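Please read the structure below before turning to the comments.
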Amino acid sequence: MTGFKKQDAKRAMTLYVAGMLAVAVVFLIISCKNKEKAIPASPTGYDLNNPVKYKMPEDLTEISGFAFHNGKNDSVYAEQDEEGFLFNLKLGDKKANYTKFGKSGDYEDVAICREQVIMLKSDGTLFTFPFSQVRTKEVTNVQKTKGQLPEGEFEAMCADEKTSLVYVLCKHCADEKTSKSSSGYILKIQADGTLKQAGSFAIDVKEIERLADKKRVPFRPSAMAKNTFTNEWYILSSVNKMLIVTDINWEVKNVYPLSVTIFGQPEGMAFDNQRNLYISNEGDQLSAGNILKFSFKK
């Protein structure tokens with residue numbers, strides 16, 4: 005082979021390799037962009053990978069729910085899933101005060117609405133008492149509501165101040181005949197602090213699976229909150245490490261995967277009146293419980 009032919013062959017090979025690399029890069033970029041479109045990293049206005057972490061005192065290692073009063077973040081009202089106590093503290097405090105409202109039990113969430121504190125037990129029993137008693141040693145006026153929710157296990161609850169409605173999602177309910185939807189119930193706060201059923205709703209688990217690009221999602225809601233600025237519902241599923249966002253009518257809009265290094269065991273969630281999002285994680289023998297703050301940014 006002459007020198008010219010060798011040079012032509014080398015040049016052709018170089019162009020071929022360069023062309024193949026260019027094609028590979030284009031496919032890689034398209035693939036990444038498609039993944040970004042399919043599974044967004046965070047809801048609009050938030051960065052779920054960049055929180056401010058507040059460690060909880062030892063009493064709240066197993067924090068399983070928390071709430072703000074009228075959206076004010078100057079105090080947090082929290083409970084853990086073993087004692088009948090409602091704790092109150094400022095974010096960053098090393099010690100929390102508490103009031104006793106009931107016997108020991110598996111308490112899962114707390115909401116504050118119309119100057120009433122609502123506590124959710126895992127079996128669906130609800131306890132309400134006046135917010136004015138949260139800083140007393142022991143609550144003296146507790147209303148117990150039982151039988152308004154079906155037999156099952158419950159962890160997720162939130163309340164709407166404007167409507168006096170309380171929303172509770174099944175983690176697993178006996179009357180759920182299919183895993184393709186997740187049942188929820190609506191209760192209304194009465195003048196005496198008791199709660200009465202006012203409706204129901206359902207979340208399409210098949211749509212969650214489609215958006216998450218998974219064949220099967222054992223959806224188990226562990227916390228919920230309403231973004232009153234967008235009229236969207238935010239729902240956590242700790243076992244799946246995902247955040248689901250629905251519209252006001254519970255139609256699933258987006259599914260966001262959660263980092264296992266940031267969200268160890270996400271069990272509580274709330275918004276403040278500045279649109280900031282907060283998510284709590286239960287701790288264990290090696291790590292403290294925490295509340296993560298995700299500041300809203302336009």
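Numbering (my numbering), first residue to last: 5 to 302. For each residue, glycine too, the CB sits at the ideal point set by N, CA and C. Since the structure is predicted, the reported quantities are computational estimates derived from the model, not experimental observations.
What does V209 pair with, by DSSP beta-bridge criteria? Your numbering for residue 209 matches position 205 in the sequence shown. DSSP, once it has assigned bridges, lists no residue as partnering V209.
Per-residue DSSP class, three states only, for D251: Taking the sequence shown and counting its residues from 1, one reaches residue 251 at position 247. D251: coil per DSSP, three-state reduction.
Entirely enclosed beta strand (DSSP E) segments - the stretch 252-297, minimum 3 residues: 256-261, 270-275, 281-285
Restricting to Cα atoms, I'd like to know which of M246, Q147, R224, D208 is closest to V256. Stepping through the sequence shown from its first residue, residue 256 is reached at position 252. With distances taken between Cα atoms, V256 lies closest to D208.
Nearest-angstrom beta carbon gap, F105 and V143 [assumed within contact, 8 Å]: Within the sequence shown, numbered from 1, the residue matching residue 143 stands at position 139. Within the sequence shown, numbered from 1, the residue matching residue 105 stands at position 101. Their Cβ separation, rounded to whole angstroms, is 4 Å, which keeps V143 and F105 in contact under 8 Å.
Roughly how many angstroms separate the alpha carbons of V170 and Q147, rounded to a whole number? On the sequence shown, residue 170 is found 166 positions in, with the first residue counted as 1. On the sequence shown, residue 147 is found 143 positions in, with the first residue counted as 1. Going from the Cα of V170 to the Cα of Q147 covers about 15 Å.
DSSP on S136, reduced to helix/strand/coil? The residue labelled residue 136 in the question sits at position 132 within the sequence shown. S136 falls in the helix class under three-state DSSP.
How many whole angstroms separate the CB atoms of L124 and D113, which I take to be in contact at a CB cut-off of 8 Å? Along the sequence shown, read from residue 1 onward, the residue named residue 124 stands at position 120. Along the sequence shown, read from residue 1 onward, the residue named residue 113 stands at position 109. That belief holds up - the Cβ atoms of L124 and D113 are roughly 4 Å apart, short of 8 Å.
Could you tell me the alpha carbon to alpha carbon distance between Y111 and D85, rounded to whole angstroms? In the sequence shown, counting from the first residue as 1, residue 111 sits at position 107. In the sequence shown, counting from the first residue as 1, residue 85 sits at position 81. Cα-Cα distance, rounded: 5 Å.
For A163, name the three-state secondary structure that DSSP assigns. The residue given as residue 163 occupies position 159 in the sequence shown. Looking at A163 - three-state DSSP - the assignment turns out to be strand.
Would you call the stretch 254-274 and the stretch 200-219 in contact, with 3 or more CB pairs under 8 Å? yes
Do F158 and G203 have their beta-carbon atoms positioned less than 8 Å apart in this structure? Counted from its first residue, the sequence shown places residue 203 at position 199. Counted from its first residue, the sequence shown places residue 158 at position 154. No, Cβ-Cβ distance for G203 and F158 is not below 8 Å.
Burial state of L290, where buried means 16 or more other Cβ atoms lie within 10 Å: Start at 1 with the first residue of the sequence shown, and residue 290 comes out as number 286. Exposed, by the Cβ-count rule.
C-alpha gap between H73 and L215, whole angstroms: Here residue 73 is taken as the residue at index 69 of the sequence shown, counted from 1. Here residue 215 is taken as the residue at index 211 of the sequence shown, counted from 1. Whole-angstrom Cα-Cα distance: 34 Å.
Tell me whether the beta-carbon of P270 lies closer than 8 Å to the beta-carbon of L240. Here the question's residue 270 lines up with position 266 in the sequence shown. Here the question's residue 240 lines up with position 236 in the sequence shown. Yes, Cβ-Cβ distance for P270 and L240 is below 8 Å.
Using the DSSP secondary-structure output, state which residues sit across from G203 in a beta bridge. Within the sequence shown, the letter at position 199 stands for residue 203. The partner list for G203 (beta bridge, DSSP) reads I190.
Alpha carbon to alpha carbon, how far is C117 from G197? Residue 117 sits at position 113 when you count from the first residue of the sequence shown. Residue 197 sits at position 193 when you count from the first residue of the sequence shown. If you take the alpha carbons of C117 and G197, they lie about 10 Å apart.
Proximal residues to G3 (C-beta, below 8 Å), its chain only, five neighbours per side dropped: In the structure as shown, the chain starts at 5 and stops at 302, and residue 3 therefore has no counterpart that could be examined.
Using the three-state DSSP reduction, which class does L64 fall into: helix, strand or coil? As a first step, residue 64 must be located in the sequence shown, where it is residue number 60. In the structure shown, L64 sits in a helix (DSSP, three-state: H, G or I).
Are the Cβ atoms of T149 and L173 separated by less than 8 Å? The count along the sequence shown starts at 1 and reaches residue 149 at position 145. The count along the sequence shown starts at 1 and reaches residue 173 at position 169. Taking 8 Å as the Cβ cut-off, T149 and L173 do not qualify as a contacting pair.
Can you say whether V264 is buried or exposed, counting buried as having 16 or more other CB atoms within 10 angstroms of its CB? Here the question's residue 264 lines up with position 260 in the sequence shown. Under this definition V264 is an exposed residue.
Can you tell me whether S242 is buried or exposed, with buried defined as 16 or more other CB within 10 angstroms of its CB? For the purposes of this step, residue 242 is identified with residue 238 of the sequence shown, where counting begins at 1. Counting Cβ neighbours within 10 Å, S242 comes out buried, since at least 16 surround it.
Grouping DSSP H, G and I as helix and E and B as strand, with all else coil, what is A178? Mapped onto the sequence shown, residue 178 falls at position 174. If DSSP states are grouped into helix, strand and coil, A178 belongs with coil.
Tell me whether E354 is buried or exposed, calling it buried when 16 or more other Cβ atoms sit within 10 Å of its Cβ. Residue 354 is absent from the model: the chain starts at 5 and stops at 302.
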